[in-house]
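Dropping the structure here:
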């Protein structure tokens with residue numbers, strides 16, 4: 027299965043609830059995988075897989091919040107929706123601070139649950155697209171020569187070709203050539219696009 031094929035992972039020790047959630051989610055053509063414990067989910071966890079996690083709070087062994095903490099340490103970005111029949115304010119606050127996108131009480135409203143799942147899947151998709159974009163910018167920056175990186179640093183700082191040429195002790199035409207090549211390597215069609223890529227790519231140009 028492609029890592030980009032989104033899956034709703036359901037972790038709950040109640041078989042009837044797992045079966046109910048599977049039926050509900052598959053009825054709207056979503057891919058579903060269910061687990062009866064946090065430990066079984068950890069055993070099958072693949073950080074490359076896309077989707078969201080529907081997680082019970084109180085389970086034998088690792089609890090839902092404990093699984094969330096474990097996943098956070100593993101660098102997981104799966105959006106988490108907590109379900110609980112024992113929800114209280116402190117637990118909900120901990121869940122949200124840990125990165126959960128929602129906290130729903132059992133019994134849940136089917137339509138509200140579906141809406142929250144779709145929102146979590148949309149969030150997961152946006153996060154993965156942003157990471158791919160970031161990784162692409164980082165790879166492009168790494169492919170620049172040392173001189174191209176020196177030029178890029180000064181271009182981003184708003185310096186003219188004349189000033190760059192003087193600072194680097196090279197000709198104006200050489201600066202233009204470096205600018206052209208680095209634009210091609212970065213895949214930028216304009217200075218504004220180049221600036222946005224460097225400033226939002228999570229990397230420094232120098």
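Numbering (my numbering), first residue to last: 27 to 232. Backbone N, C-alpha and C define an ideal beta-carbon position, used for all residues, glycine too.
- Inter-residue distance for residue 186 and residue 155 is about 33 Å (C-alpha atoms, whole angstroms).
- Here DSSP, grouped into helix, strand and coil, assigns residue 224 to helix.
- Just so you know, the alpha carbons of residue 171 and residue 32 end up roughly 38 Å apart.
- Straight across, the Cα-Cα distance linking residue 207 with residue 164 is about 17 Å.
- In this structure, the CA atom of residue 211 is about 45 Å from the CA atom of residue 139.
- Exclusion of the five residues before and after residue 147 leaves 32, 77 and 78 as the residues of its chain whose Cβ lies within less than 7 Å of its Cβ.
- Check the Cα spacing between residue 145 and each of 191, 192 and 105: the tightest is with 105.
- Taking all protein chains in view, the Cβ of residue 190 is crowded by 16 or more other Cβ atoms within 10 Å, so the residue is classified as buried.
- Excluding five sequence positions before and after residue 57, the CB atoms of its chain that fall closer than 6 Å to its own CB belong to 33, given in chain order.
- When secondary structure is reduced to three states using DSSP, residue 184 falls in the coil class, being assigned neither helix nor strand.
- Judged by DSSP in its simplified three-state form, residue 77 adopts strand.
- DSSP, reduced to helix, strand and coil, places residue 58 within a strand of the structure shown.
- Excluding its 5 nearest sequence neighbours in each direction, residue 89 has C-beta neighbours in its own chain below 8 Å: 64 and 83, listed in chain order.
- In this structure, the straight-line span from the alpha carbon of residue 153 to that of residue 159 is close to 10 Å.
- Under a 10 Å Cβ-count criterion, residue 141 is classified as exposed, with fewer than 16 other Cβ atoms of the shown protein chains found around its own Cβ.
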